[in-house]
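Q: Going by this note's numbering, the first residue of the sequence shown is number 107, and it counts up by one from there.
Backbone N, C-alpha and C fix where the C-beta goes; we use that ideal spot for every residue, glycine too.
It should be emphasised that the depicted structure is a prediction, and the values quoted were computed from it without experimental measurement.
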Amino acid sequence: MGASFILLLILPSLITFIASLIFLFTNQHAKDAFRSRRKMIFPCLLIPGLLVVAAYYSLAFHMHHSLGQWPKTIGMQGFPDHLKTHCELSWAIFTAVLGFTCLVWPALVALTSAVPPLRRVLPPIMCLGVSVWICTPLIYLAPSEFQYWWWD
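#1: Confirm, please, whether the CB-CB distance from W211 to G235 is below 7 angstroms.
#2: Using a Cβ-Cβ distance cut-off of 7 angstroms, determine whether Q253 contacts chain D.
#3: Using a Cβ-Cβ cutoff of less than 7 angstroms, which residues in the same chain neighbour H188 once the five nearest sequence positions on both sides are dropped?
#4: On the DSSP letters alone, give me the boundaries of the alpha helix (DSSP H) that I199 sits inside.
#5: Buried or exposed: which applies to L151, given that a residue is buried once 16 or more other Cβ atoms fall within 10 Å of its Cβ?
#6: Tell me the rounded alpha-carbon separation between R226 and F131.
#7: Compare the beta carbon distance of L115 and C241 with 7 angstroms and say whether it is the shorter of the two.
#8: How do the segment 114-129 and the segment 155-166 stand: do at least 3 beta-carbon pairs fall below 8 angstroms, yes or no?
#9: Determine whether the beta carbon atoms of D258 and I180 lie at a separation below 7 angstroms.
#10: What does the Cβ neighbour count give for L195, buried or exposed, with the cut at 16 atoms within 10 Å?
#11: DSSP state of P212, grouped into three classes?
Now the structure itself:
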C-alpha cells in the first residue's frame with residue numbers, strides 16, 4: 107500500500123512535468139515569454155529546485171563535518187543542537203517544495219490552462235515545477251550512507 111500511495115501522489119505531478127516540457131519546448135507563446143523583457147523571471151523559477159538540492163547537500167556536509175562520519179543509526183540521537191536544527195530545516199524545505207510540486211502544482215497548471223485570462227502566467231508556473239523535477243534527482247548523487255539516514 108505504501109508504494110501505491112506514493113505513486114498516486116507523484117503520478118499527477120510527473121504527468122504534468124512531461125506535459126510542461128512538451129508545452130515549453132513546442133509552444134511559440136512559451137518561447138516568446140523566455141525572450142521577453144521579463145527574462146529575470148525564469149532564472150528565479152529555478153530557486154525552489156536549487157533550494158532543495160542546496161538544503162540536502164549542505165546538511166550532508168554539515169553532518170559529516172560535525173560527526174566526523176556518517177550516522178550509524180536512524181534518527182538524530184547524539185546530534186549537536188545546531189545539527190538537529192539544520193536537519194529539521196532541511197526536512198521542512200524538502201517537504202514544502204516537493205509537497206507543493208506533487209500536490210498543488212498540477213492543479214495550478216490545470217487551472218491556468220483552463221482559464222483564458224490566466225494563460226499568460228502558464229509558462230512561468232510550468233517552469234517552477236519543471237525546475238523541481240529536474241533538480242530533485244540530483245540528491246541521489248549523495249553518499250549512500252547519508253541517503254540511507256535521510257530516507258529512513
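A: Per the coordinate set shown:
#1: Counted from its first residue, the sequence shown places residue 235 at position 129. Counted from its first residue, the sequence shown places residue 211 at position 105. In this structure, the beta-carbon distance from G235 to W211 falls below 7 angstroms.
#2: Included in the structure is just one protein chain, with no chain D present.
#3: Indexing the sequence shown from 1 puts residue 188 at position 82. If you ignore the 5 residues before and after H188, its C-beta comes within less than 7 angstroms of no other C-beta in its own chain.
#4: Residue mapping note: residue 199 aligns to position 93 of the sequence shown, counting from 1. Where I199 is concerned, the enclosing alpha helix (DSSP H) stretches over 187-205.
#5: Position 45 of the sequence shown, counted from the start, is the residue given in the question as residue 151. Buried, because 16 or more other Cβ atoms sit within 10 Å of the Cβ of L151.
#6: On the sequence shown, position 120 is the one that residue 226 refers to. On the sequence shown, position 25 is the one that residue 131 refers to. Going from the Cα of R226 to the Cα of F131 covers about 16 angstroms.
#7: Position 9 of the sequence shown holds residue 115. Position 135 of the sequence shown holds residue 241. For L115 and C241, no; Cβs fall outside 7 angstroms.
#8: Contact between the segment 114-129 and the segment 155-166 is absent: fewer than three C-beta pairs spanning the two stretches fall below 8 angstroms.
#9: Counting from 1 along the sequence shown, the entry for residue 258 is found at position 152. Counting from 1 along the sequence shown, the entry for residue 180 is found at position 74. Cβ atoms of D258 and I180: closer than 7 angstroms.
#10: Sequence index remark: in the sequence shown, residue 195 carries index 89 (1-based). Around the C-beta of L195, fewer than 16 other C-beta atoms lie within 10 Å, and the residue is accordingly described as exposed.
#11: Here the question's residue 212 lines up with position 106 in the sequence shown. For P212, the secondary structure class from DSSP, reduced to helix, strand or coil, is helix.
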